[in-house]
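Peer 1:
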Amino acid sequence: MLTAAKNQIKVTILTTKYAVMREMLNKATFLSNVIFMILNNSTFLIQWFLLLSIKESIGGYDIHKILYLWGLASLSYGFAHFFFKGAFHIGELINEGKLDSYMVQPKNILISVSTSSCSPSAMGDIIYGFVLFFVNQPSVLNFFLYTLFGITGALIIVLNSLSFWFARTDSIADAGMNLMTTFATYPGTIFKGVTKIILYTVVPLGATAYIPIDVLTNFDWKYTLIILGFTILFVFLAFFIFYRGLKRYASSNLMSARI
Amino acid sequence: MKKYLYAFKFEVMTTLQYAFNFIGKMVSLFLMIFVFMNLWNFMYDDPSQAINGYTKFQMIWYVSISELIYFVTRGRQTCEEISKHIKSGNIAYTINKPYDYVVYTLFTLLGRSFVSSAFYTTFIMIIGSAFTGALPALTMVELLATVLVFALAVTISLLLVIAIGLFSFIFEDSSPMYWIYSKIWLICGTLFPIEFFPVWAQNILKFTPVYVITGPSRLIVNFTVEGFVETLIAQIIYLIFTVGLCELVYRKGMKKLNVNGG
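Top to bottom, those sequences are chains A and B. Just so you know, we're using the numbering used here here: the first sequence kicks off at 1 and counts up by one. Just so you know, we're using the numbering used here here: the second sequence kicks off at 1001 and counts up by one.
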């Protein structure tokens, strides 16, 4: 059991490493993608400076909480798209019957597909996420928690993206991803009633953004454990549903090579 | 000119065949406006209160119309399509075609935007009225003038996206340029009218394309003849400038194009 887990981790690291190396073949493009993504994310700070010049706090969010909100959203998104970009294309692979080349490998299919490609610009998101952390009252405990919530957030984003693919329509899947990123970058307290319930249940933003920010500003180990427990449960559920769905997968007999 | 009108008509018919795809986009559009409605509900203590000259009603309609232009342009996809066309070398096939690539692309995109404008405008009018309780009060003449300015805003916006896409001749991937442009457009005009910025920034923003692209949003919430004439003149200047820019980048790029046959 332990050897199998060790082997899986080894293969995952290698797959990720080769995906990153492939993207870094053209170093100039890789670097420009990273730098422009950092600049791109930075423009949103203007929005919050404008809003906070009108009101000192928005739904209990001052500049420190806003920096955590944006930093954490950026970090989770960055981790998700840098290490698991393949997961966002899983619907295409299934619909086009291209999953065969992953199925013949003696390793976990969902992990192999997810780590098979990497988005260079997502490195810009990761760097931006950490830069916002360091300009915003850093501490050792918060650094550990911030990185941990970045990883749990990424796992939830990646696995939640799979559910949008059940719609089998690109535009619906895009809308689903937009929903997560749009709401994750605004204070949860500005939403009321049914919207709030949806954000904490159907779209698990409570676990990826809102509760982690409360923990970062006012540490509570119970909430930390709830986030960890939710992430583990979510991972198991996603794997269970994926393998159930895989039984219905039909190959298109398409000859394809993974280079 | 007739061939470009055919390209326009062909794209209108193609886009109508895939009208179902608009549903997903409408969900995204709804979400953006919904988030901003919640945000501005929080910012305004009282609906009659004005922040930087805008009441809550005006603010929600301003953001709705600006988002409409942003969605109709479909900048990211358009930029990626042109960029891919250049990187793959397929653009070489346009050399022997009896049309001007820039004008042909513009008319094709206008065809797509024409259909999406009809869908999104209807949708925006419904959700805008549901959120604010009323439509902006405009006379028929004011409405027609705003539609003219809207059409020019979309055209200029498309030309700018074409120009950025064409920069793939120089940089391998022009998408990062589009990210920056789209964020400036989003923050400095779409989500906030320029009156929200410090005076020194307003003086700069007035000379940027963002100001002419968001002209219809300003007119729909506060129509004045002076505002209309000012926007129209600025749009005509920008139209000439953007066409010139696209042609320049295209011609320079085609000279250094190197395609391997196979």
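Yeah, the Cβ is synthetic: ideal placement off N, Cα and C, and Gly gets one too. Note that the structure is predicted; figures quoted are calculated from it, not measured.
Indicate whether Phe83(A) and Thr16(A) have their beta-carbon atoms separated by less than 8 Å.
Peer 2: Yes, they are a contact pair.
Peer 1: In the DSSP assignment, find the unbroken alpha helix (DSSP H) run with Tyr102(A) in it and report its ends.
Peer 2: Tyr102(A) -> alpha helix (DSSP H) spans 100 to 103.
Peer 1: Residues in its own chain within less than 7 Å of Met1032(B) by CB, not counting five upstream and five downstream?
Peer 2: If we look at Met1032(B) and ignore the five residues flanking it on each side, its Cβ neighbours are Glu1067.
Peer 1: Which residues of the stretch 48 to 59 of chain A have a Cβ closer than 9 Å to any Cβ of chain B? Give them in chain order.
Peer 2: So the close ones are Leu50, Leu51, Ser53, Ile54, Lys55, Ile58, Gly59.
Peer 1: Would a check of beta-carbon distances place Val1173(B) closer than 8 Å to chain A?
Peer 2: According to the sequence displayed, residue 1173(B) carries Asp and not Val. Answer yes: the Cβ-Cβ gap between Asp1173(B) and chain A drops below 8 Å somewhere.
Peer 1: Can you tell me the Cα-Cα spacing of Ala1234(B) and Val1149(B), whole angstroms?
Peer 2: Cα-Cα distance, rounded: 10 Å.
Peer 1: If you scan the stretch 1187 to 1252 of chain B from start to end, which runs of the beta strand (DSSP E) of 3 or more residues do you find wholly inside it?
Peer 2: None, since the stretch 1187 to 1252 of chain B contains no complete beta strand (DSSP E) of that length.
Peer 1: So which of Thr1073(B), Val1249(B), Thr1121(B) has the shortest CA-CA distance to Thr1146(B)?
Peer 2: Selected option, being the one with the closest Cα: Thr1121(B).
Peer 1: Please confirm whether Pro187(A) and Ile54(A) have their CB atoms less than 8 Å apart.
Peer 2: Against a cut-off of 8 Å, the Cβ pair of Ile54(A) and Pro187(A) comes out as no contact.
Peer 1: In chain B, which residues lie with their C-beta within 9 Å of the C-beta of Ile126(A)?
Peer 2: Neighbours of Ile126(A) on chain B: none; closest Cβ ~16 Å, over 9 Å.
Peer 1: Can you tell me whether DSSP reads Ile211(A) as helix, strand or coil?
Peer 2: In this structure, Ile211(A) counts as helix in the three-state DSSP scheme.
Peer 1: So if I threshold CB-CB distances at 9 Å, which residues from the stretch 1175 to 1187 of chain B count as touching chain A?
Peer 2: Cβ contacts with chain A come from Ser1175, Pro1176, Met1177, Trp1179, Ile1180, Ser1182, Lys1183, Ile1184, Leu1186, Ile1187.
Peer 1: Could you give the C-beta distance for Lys1003(B) and Tyr1099(B), rounded to a whole number, given that I count them as a contact under 8 Å?
Peer 2: 6 Å between Cβ atoms; contact.
Peer 1: How would you list, in chain order, the residues of chain A whose beta-carbon sits under 9 Å from the beta-carbon of Met1059(B)?
Peer 2: Here the premise fails: no neighbours, minimum Cβ distance about 11 Å.
Peer 1: How would you list, in chain order, the residues of chain B whose beta-carbon sits under 8 Å from the beta-carbon of Met24(A)?
Peer 2: Here the premise fails: no neighbours, minimum Cβ distance about 14 Å.
Peer 1: Looking at the unbroken alpha helix (DSSP H) that takes in Gly1111(B), where does it start and where does it end?
Peer 2: Per DSSP, Gly1111(B) belongs to the alpha helix (DSSP H) from 1101 to 1132.
Peer 1: Going by C-alpha to C-alpha distance, which of Ser1117(B), Ala1050(B), Asp1046(B) sits closest to Leu1029(B)?
Peer 2: If we check each option's Cα against that of Leu1029(B), Ser1117(B) comes out closest.
Peer 1: Applying the 10 Å Cβ sphere with the 16-neighbour rule, what's the burial state of Glu1195(B)?
Peer 2: Result: exposed.
Peer 1: Assign Ile58(A) to one of three DSSP states: helix, strand, or coil.
Peer 2: Strand, per DSSP.
Peer 1: Nearest chain A C-beta to Ser1107(B) closer than 8 Å, yes or no?
Peer 2: Reading the sequence as shown, one finds Phe at residue 1107(B) and not Ser. No, no contact with chain A.
Peer 1: So which residues on chain A does Asn1038(B) lean against when the C-beta distance must stay under 9 Å?
Peer 2: Those within 9 Å of Asn1038(B) in chain A are Tyr186, Ile190, Phe191, Lys192, Thr195.
Peer 1: Using a Cβ-Cβ distance under 8 Å, would Ile9(A) count as near chain B?
Peer 2: Answer no: the Cβ-Cβ gap between Ile9(A) and chain B never drops below 8 Å.
Peer 1: Which residues does DSSP list as the beta-bridge partners of Tyr1054(B)?
Peer 2: DSSP lists Ile1051(B) as partners of Tyr1054(B).
Peer 1: Judging by CA-CA distance, which residue of Phe234(A), Ala5(A), Trp221(A), Ala19(A) is the nearest neighbour of Asn142(A)?
Peer 2: If we check each option's Cα against that of Asn142(A), Trp221(A) comes out closest.
Peer 1: In chain order, which continuous runs of the alpha helix (DSSP H) of length 4 or greater are located wholly inside the stretch 83 to 150 of chain A?
Peer 2: Correct list: 90 to 95, 100 to 103, 109 to 114, 121 to 134.
Peer 1: For Thr182(A) and Val1012(B), I'd like the C-alpha separation in whole angstroms.
Peer 2: Answer to the nearest angstrom: the Cα atoms are 30 Å apart.
Peer 1: What's the call for Asn1258(B), buried or exposed, on a 16-neighbour Cβ count within 10 Å?
Peer 2: Counting Cβ neighbours within 10 Å, Asn1258(B) comes out exposed, since fewer than 16 surround it.
Peer 1: Could one say the Cβ of Ser1028(B) lies closer than 8 Å to chain A's Cβ atoms, at least one of them?
Peer 2: With 8 Å as the cut-off, Ser1028(B) counts as an interface residue toward chain A.
Peer 1: Consider the Cβ of Leu39(A): report whether some Cβ of chain B lies at a distance smaller than 8 Å.
Peer 2: At least one chain B Cβ lies under 8 Å of Leu39(A).
Peer 1: Does the distance from the CB of Ser76(A) to the CB of Ile157(A) come in under 8 Å?
Peer 2: For Ser76(A) and Ile157(A), yes; Cβs fall inside 8 Å.
Peer 1: Verify the CB distance criterion: does Ile1265(B) have a CB-CB separation below 8 Å to chain A?
Peer 2: Limits of chain B in this structure are 1001 at one end and 1262 at the other, which puts residue 1265(B) out of reach.
Peer 1: Given this structure, state the Cα-to-Cα distance separating Lys1056(B) from Asp1045(B), to the nearest angstrom.
Peer 2: Roughly 10 Å between the two C-alpha positions.
Peer 1: On the criterion of 16 or more Cβ atoms from any shown chain inside 10 Å, does Asp125(A) qualify as buried, or is it exposed?
Peer 2: With 16 or more Cβ atoms within 10 Å of its Cβ, Asp125(A) is classed as buried.
Peer 1: Using a Cβ-Cβ cutoff of less than 7 Å, which residues in the same chain neighbour Ile1164(B) once the five nearest sequence positions on both sides are dropped?
Peer 2: Closer than 7 Å at the Cβ level, and outside the excluded window around Ile1164(B), lie Cys1079, Ser1174, Met1177, Tyr1178, Tyr1181.
Peer 1: I want to see whether chain B comes within less than 8 Å of Ser119(A), judged by CB atoms only; does it?
Peer 2: Chain B, which has no Cβ nearer than 8 Å to the Cβ of Ser119(A), makes this no.
Peer 1: Just tell me which of Ile38(A), Asn40(A), His89(A), Leu2(A) has its CA closest to the CA of Leu159(A).
Peer 2: Closest by alpha carbon: His89(A).
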